[in-house]
Amino acid sequence: MSASAQLERLRAELGADAVLTEPEQCAPYLSDHRQLFHGRALAVVRPGDTAQVARLLRVCEAQRIGVVPQGGNTSYCGGATPDASGTQVVVLLERLDSIRHVDAASHALTAEAGCTLASVQAAAAQAGRLFPLSLGSEGSCQIGGNLATNAGGTQVLRYGMMRDLVLGLEVVLADGRILDSLSALRKDNTGYDVKSLFLGSEGTLGIITAAALKLFPAPRRHATALVALSDVQAAVALLMRLGEATDDRLSAFELIPRAALELTLRHLPGLTDPFTQAYPWYVLCECAGSVPDETLQVALQEALTAALEGGIVLDAALVRSERERGALWRMREGIPTAQRAAGVGMKHDVSLPVGRLAEFVTRAAAWVAEHVPDGRLVAYGHVGDGNLHFNIQALPAADPAVFLARSGQVQRAIHDLVHEFGGSFSAEHGIGQLKVAELERYGDAVELEVMRALKRTLDPHQILNPGKVLRLP
Ligand code: FAD
Ligand code: 2HG
Ligand code: ZN
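Residues in the sequence shown are numbered from 1192 upward in steps of one, following our numbering.
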């Protein structure tokens, strides 16, 4: 079938309005938000419901048309960007945006894939519940994208990754069959956990159209502090202490280096340094509880006072209002935006055993100082989960092209070191097209074979997000 006949077929299945082909209409969907990848497409399509996604995939499989699912297009590894062939179809899930069901008593919510994360959080809050996944991109990323990337974020310490927040899934398979595993049952040991295959599969095994998600009691009190520290070792020591002192109520523990704080102060409006002097490292820590008294604040304050007296902590600013809390979180979540405003950079989303974080940072920082003199290390992130965004920002005087030309060599050195430390080269951002070679280099050979076997079984004609995550020989 010719390209124009294929387009006619898509229009017949989805309606003409749901098939975009004009270059200016399609442009926003053909590049990733970091502008690392640029593709072309036969069309960008907007199915309106699960049945239309199923019909679409039936046509695409029959015609061997590559299909690239796209949610909010906020991911970091180019997973939602089509290739340069102009033969693939980008599938937007944005019209599947209903909250189908909220069951406060069962602590469950069923949402369609195109709901933004913020709208799922809001629906849970309206029912007096918490949906805890929390990302800086939550206003625009979609729950389907969160599931397909197994997103992490700032609440993983307490509530887990996206994978841990799923009860059931509805998925359209490559041949158009609809896998209905949407049950919100807490206990269901009936064979293999098939739905889990799609979590983190980045659109390569099926298109997720809806999910039953876990909710939690809404916290009524938060105790939040920005803590100043001399090094990463002290941050890890504080993490252990706060966990014990707050009876494991710690919900966030985010490491922020001085370099990141400075970037946000310079590039984001309305932020001020809570301290009167500069410190090398900070931790934004938060405890959350449903008891509406001062217990958590008192526990956090006492633990920080003891840490100060014990020399673990240099200074601490406890939050006294929701406004102060909001400002600290804006600062933390604004780091990627501030980094982008400051110019080009190299990103490494790595995880390590928590106990080895400090040693890793010492070794890796020394390597960067020696080999990337025109860059400044901005290593921050979810250290409570052992996850560091080990980013290197080009100094203002650096030539961006010269700086970026070394990113492959730098990435290799950082990832080799991560591997030596028993860590992962992709903690929460996935593989996409950016890290396919890294997965081949560091992945377990048998695990990779199992992944390829699953891919061949579920997508025998390789129409689902070709070239992402895995290369099939
Ligand atoms: P997209 O970028 O559209 O797609 C991501 C992948 O999923 C692609 O491979 C795509 O093909 C596939 N996909 C999308 N929808 C579906 C579907 N319905 N079915 C099957 N496959 C699908 N990530 C974190 O983990 N932690 C963070 O703290 C974090 N913070 C961020 C902060 C900022 C400011 C930004 C810009 C991004 C951040 N991210 C973070 C990355 C990103 O927001 C997440 O990866 C998010 O889960 C992607 O969702 P999305 O809807 O934008 O997906
Ligand atoms: C975060 O934790 C995101 O803020 C973004 O995962 C990380 O931009 C980055 O490197
Ligand atoms: Zn992150």
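Just so you know, even glycine gets a beta-carbon here, dropped at the ideal spot from N, CA and C.
ask   = What residue range is occupied by the uninterrupted beta strand (DSSP E) comprising G1566?
value = G1566 to Y1571
task = Examine the ligand FAD and report whether any of its heavy atoms sits within less than 6 Å of the Cβ of A1455.
result = With the sequence shown as reference, residue 1455 is identified as Thr, and Ala is not the correct amino acid for it. No, the Cβ of T1455 stays beyond 6 Å of every heavy atom of the ligand FAD.
ask   = Where does Y1383 land, buried or exposed, given buried means 16+ other C-beta within 10 angstroms?
value = exposed
inquiry  = Check for me: the beta strand (DSSP E) holding G1613 runs from which residue to which?
reply    = No beta strand (DSSP E) contains G1613, which DSSP labels as neither H nor E.
Extent of the continuous alpha helix (DSSP H) to which P1591 belongs = P1591 to A1596
query = Is V1637 buried or exposed, if buried means 16 or more other CB atoms sit within 10 Å of its CB?
reply = exposed
ask   = Would you say S1542 touches the ligand FAD, meaning its beta carbon is less than 6 Å from a heavy atom?
value = No, the ligand FAD has no heavy atom inside 6 Å of this Cβ.
inquiry  = Tell me which residues share the same chain as A1469 and place their Cβ nearer than 7 Å to its Cβ, disregarding the 5 neighbours each side in the sequence.
reply    = R1449
task = Would you mind working out which of A1604, G1262, I1290 and S1387 sits nearest S1331, comparing C-alpha positions?
result = G1262
ask   = So what does C1476 bridge to, in DSSP terms?
value = A1416 and F1444
ask   = Is it the case that the CB of I1399 approaches a heavy atom of the ligand FAD more closely than 6 Å?
value = Relative to the ligand FAD, the nearest heavy atom lies less than 6 Å away from the CB of I1399.
query = Can we say the stretch 1614-1624 touches the stretch 1643-1654, given the rule of at least three CB pairs closer than 8 Å?
reply = no
ask   = Is I1654 helix, strand or coil by DSSP?
value = coil
ask   = Assuming D1366 contacts L1248 under a Cβ cut-off of 8 Å, what Cβ separation, rounded to an integer in Å, is found between them?
value = 7 Å
task = Under 7 Å Cβ to Cβ from F1466, same chain only, skipping five residues before and after it: list those, please.
result = Cβ neighbours of F1466 within its own chain (closer than 7 Å, five residues either side excluded): A1419, D1506 and A1508.
inquiry  = Please list the terminal residues of the continuous alpha helix (DSSP H) segment that includes N1264.
reply    = Premise fails: N1264 is in no alpha helix (DSSP H) and is neither H nor E.
ask   = With distances taken from CA atoms, which of A1490, S1328 and C1217 is nearest T1265?
value = S1328
request  = Taking 7 Å as the cut-off, decide whether the C-beta atoms of A1585 and F1594 are in contact.
outcome  = In this structure, F1594 lies closer than 7 Å to A1585 by Cβ.
query = Which same chain residues, not among the five before or five after V1259, have their C-beta less than 6 Å away from its C-beta?
reply = P1273, Q1279, V1281 and N1656
query = How long is the line joining the alpha carbons of R1255 and H1610, rounded to whole angstroms?
reply = 38 Å
query = Excluding the five sequence neighbours on either side, which residues of its own chain have a C-beta within less than 6 Å of the C-beta of H1229, listed in chain order?
reply = S1222
ask   = Which residue's Cα is closest to the Cα of L1661: I1622, P1651 and D1635?
value = I1622
inquiry  = Would you say the beta carbon of G1572 is closer than 6 Å to some non-hydrogen atom of the ligand 2HG?
reply    = Proximity of the beta carbon of G1572 to the ligand 2HG is indicated: a heavy atom of the ligand is located closer than 6 Å.
query = Just reading off the alpha helix (DSSP H) that V1311 is part of, what are its end residues?
reply = L1308 to Q1317
Sub-7 Å separation of A1490 and V1363 beta-carbons = Between A1490 and V1363, the C-beta gap is not smaller than 7 Å, which leaves the two residues out of contact.
request  = Please specify which runs of the alpha helix (DSSP H), each continuous and at least 4 residues long, are wholly inside the stretch 1230-1303, giving them in chain order.
outcome  = Within the stretch 1230-1303, the complete alpha helix (DSSP H) runs of at least 4 residues are 1241-1254.
request  = Measuring alpha carbon to alpha carbon, tell me which of G1461, A1232 and R1200 ends up nearest E1515.
outcome  = G1461
ask   = Once you ignore the five residues that flank G1335 on each side, which residues in its own chain have a CB closer than 6 Å to its CB?
value = G1262, L1284, A1304 and I1399
request  = Compute every distance between the C-beta of Q1530 and the non-hydrogen atoms of the ligand FAD, then say whether any falls below 6 Å.
outcome  = no
ask   = Closer than 6 Å: is that where the CB of C1251 sits relative to any heavy atom of the ligand FAD?
value = no
inquiry  = For the structure I just gave you, are there three or more beta carbon pairs, one from the stretch 1402-1421 and one from the stretch 1529-1539, closer than 8 Å?
reply    = no
query = Does the Cβ-Cβ distance between R1349 and N1341 come in under 7 Å?
reply = Contact: no.
ask   = Which residues share a DSSP beta bridge with K1405?
value = DSSP, once it has assigned bridges, lists A1299 as partnering K1405.
ask   = If you draw a straight line from the alpha carbon of A1598 to that of A1628, how long is it in whole angstroms?
value = Reading the sequence as shown, one finds Ser at residue 1598 and not Ala. Straight-line measurement puts the Cα of A1628 at about 14 Å from the Cα of S1598.
ask   = Do the CB positions of Q1624 and K1659 come within less than 7 Å of each other?
value = yes
query = Near R1202, what residues of its chain come up, given a Cβ to Cβ distance below 6 Å and the 5 sequence neighbours on each side ignored?
reply = V1210
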